[in-house]
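Enquirer: Questions regarding the structure given below will be posed in turn.
Written out as structure tokens, the structure reads:
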């Protein structure tokens, strides 16, 4: 994982797992090795290999004025033209670090862009790349007199910044796709999705870990507000996505993730929950629709999500374990208490000061 940093050419980065100095075993607090164990568990118990992609949203702010660099909208040319030098250098620096990029495009909010990292079978390596991509975006933005804002919600009337996760799996031996079957989920794919849905309220305690995260969640926010899934519907938490070439069902996307989360931990929770569905052959609930009458609302606050996580034995005890869950809850509860006293304006001011 050794790489020279283009924005700091006298420096390099190496990723590794933390080892307990007394036992020489992986530290129970190391979230990177935790994700690796979940990936290995899938291979050993089900002979499946995950494939994951990530979409990383951020907003560009002029460092001098504090204003967003434009007021354009999704897929427009204004952002691409006016920010051409920034985008070009960002892409080049990501390429120099061997981070495969599928797309960089304008998003729906003011000054908002999205960097799409190509899906990868190396799940831990992909998350390493997300970490480096965030660092690179921030560094290149500063070089160009900008600040990169990853804050999930900066204006209640504008589109928020998410970090969407796309997931599927294949046969670990043959490489054959196993997640979907034409215009339906496969049996294994359905079990996997239901596993995520069964634990989704608790998962949000890991994937949406700040008070500000929940300002971005709700009806009309393209995140979903209920526990459920549907085909090509951006108003559900778990969206089945079609292959653009074949039009057949291909994978699922979870929009209930943002850049404030530890993605090693958040992705481990999503995949581990899916494996629980496979282990139990959980029957997939019907897709959400406008006629659904039995849907379950998602947690509406960080406190509700943390309470759900605390009550989820699979995630709290089996995945996190005693030491990590103790540390995690202590940290998040403390942060939640502090941020409960902050307004959205306070959160934005603090985020910009740190950008």
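Residue numbers (full-length UniProt numbering): 1 to 355. The C-beta atom is built at its ideal place from N, Cα and C for all residues, glycine as well.
(1) Could you give the residue range of the beta strand (DSSP E) that holds residue 253?
(2) Evaluate residue 276 with the Cβ neighbour count: other Cβ atoms within 10 Å of its Cβ, from every protein chain shown; 16 or more gives buried, anything less gives exposed.
(3) Just checking residue 120 against the ligand GTP - is the residue's beta carbon closer than 6 Å to any of the ligand's heavy atoms?
(4) Just the Cα atoms here: how many angstroms apart are residue 138 and residue 146?
(5) Less than 7 Å separating the beta-carbons of residue 202 and residue 309?
(6) Please name the residue, chosen from 177, 182 and 87, that lies closest to residue 136 on a Cα-to-Cα basis.
(7) Can you tell which of 193, 234, 64 and 49 has its C-alpha closest to the C-alpha of residue 169?
(8) Tell me where the beta strand (DSSP E) around residue 51 begins and ends.
(9) Determine the direct distance from the alpha carbon of residue 92 to that of residue 242, and round the result to whole angstroms.
(10) Starting from residue 105 and walking both ways along the beta strand (DSSP E), at which residues does that stretch end?
(11) With distances taken from CA atoms, which of 300, 140, 278 and 306 is nearest residue 62?
(12) To the nearest angstrom, report how far apart residue 284 and residue 70 are at their CA atoms.
(13) Does DSSP put residue 95 in a helix, in a strand, or in coil?
(14) Between which two residues does the beta strand (DSSP E) harbouring residue 191 extend?
(15) Can you name the start and end residues of the beta strand (DSSP E) that residue 146 belongs to?
(16) Judging by CA-CA distance, which residue of 12, 11, 27 and 10 is the nearest neighbour of residue 18?
Expert: Put simply:
(1) Element bounds for residue 253: 249-254.
(2) buried
(3) This structure simply doesn't include the ligand GTP, nor any ligand for that matter.
(4) 8 Å
(5) yes
(6) Measuring from the Cα of residue 136, the nearest candidate turns out to be 87.
(7) 49
(8) 48-62
(9) A straight line joining the alpha-carbon of residue 242 with that of residue 92 spans about 30 Å.
(10) 101-106
(11) 140
(12) The straight-line gap from Cα to Cα measures roughly 43 Å.
(13) Reduced to three states, the DSSP call for residue 95 is helix.
(14) DSSP places residue 191 in no beta strand (DSSP E) but in the uninterrupted alpha helix (DSSP H) bounded by 187-207.
(15) 146-149
(16) 27
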